[in-house]
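To keep things clear, I will list the structure first and then write my remarks on it.
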Amino acid sequence: MSYERSHELIGRGESRLLIVDVQEKLMPAIPVRESLIANCRKLIEAAKLFGVPVSATEQYAKGLGPTVPQLRELLDGVPIPDKVCFSAAECLGWGTAAEHPDGRFQIVVAGIEAHVCVLQTVLDLLSNGYQVFVPADALASRAKLDWKIALRRLAASGAIITTTESVMFEWCAAAGSPEFKQLSKLVKNQP
């Protein structure tokens, strides 16, 4: 009897992580900035642990500043393009999921702002055949209503709304491995 894991689960060999515009000058306006940064850190650390490629973007860095130092230190060696278009998907030039050279068709998207750059990025990725996962606790907007409506719209458009911890455990897939022990330590470091 054969067994197949659900296609609704995030696979470490099929996915990549995208951190959108978590920048210094935007942080004072984000009410949940500490938990946003903590959860983005966890996602980056887990992605590295499980060999999931990480990408990041900055929106008009000249005006909005660089990526926050708490994330930048984990993104050493990751190119962070400066964009002016709101959709990171458009600016990264990944093309369609079928055309992407590494075959990774699942994208985990975290960052800010949920109702602007994240929303447009996710909608573009969905339109180009990607399966997109959005950890709600690693996403923020200045106003809670904008965040809530963005999540509803993303879910209605086909994005899978999840949490940071769910993403990390889906990448892990099973207990008992050396990665699981490291993941357990990471999870215990709550924001």
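Here our numbering is used: the first residue of the sequence shown is 6, the next is one more, and so on. We put the beta carbon where it would ideally sit given N, CA and C, even for glycine.
Residue state for residue 14 is assigned as coil, using DSSP reduced to three classes. Here residue 101 is exposed: its Cβ has fewer than 16 other Cβ atoms, across all protein chains shown, within 10 Å. Assigned with DSSP and collapsed to three states, residue 55 falls in coil, not helix or strand. In the three-state reduction of the DSSP assignment, residue 116 falls in the strand class, which pools E and B. Contact between residue 15 and residue 110 is absent: CB atoms are separated by about 11 Å, not below the 8 Å threshold. Note on geometry: alpha-carbon atoms of residue 178 and residue 186 lie some 13 Å from one another. For residue 109, there is no enclosing alpha helix (DSSP H), as DSSP gives it neither H nor E. Distance from the Cα of residue 38 is smallest, within the candidate group 188, 145, 180 and 129, for 145. Setting aside the 5 residues that flank it on each side, residue 57 is surrounded in the same chain by 17, 20, 21, 22 and 176, each with a C-beta closer than 7 Å to its C-beta; the list follows chain order. Restricting attention to 34, 47 and 134, the CA atom closest to the CA of residue 169 is found in 47. In the structure shown, residue 126 falls within a helical segment according to DSSP collapsed to helix, strand and coil. The region 149 to 156 and the region 67 to 86 do not touch, with fewer than 3 CB-CB distances between them shorter than 8 Å. Taking a contact as a CB-CB distance under 8 Å, the pair residue 76 and residue 24 counts as one, their CB atoms being some 7 Å apart.
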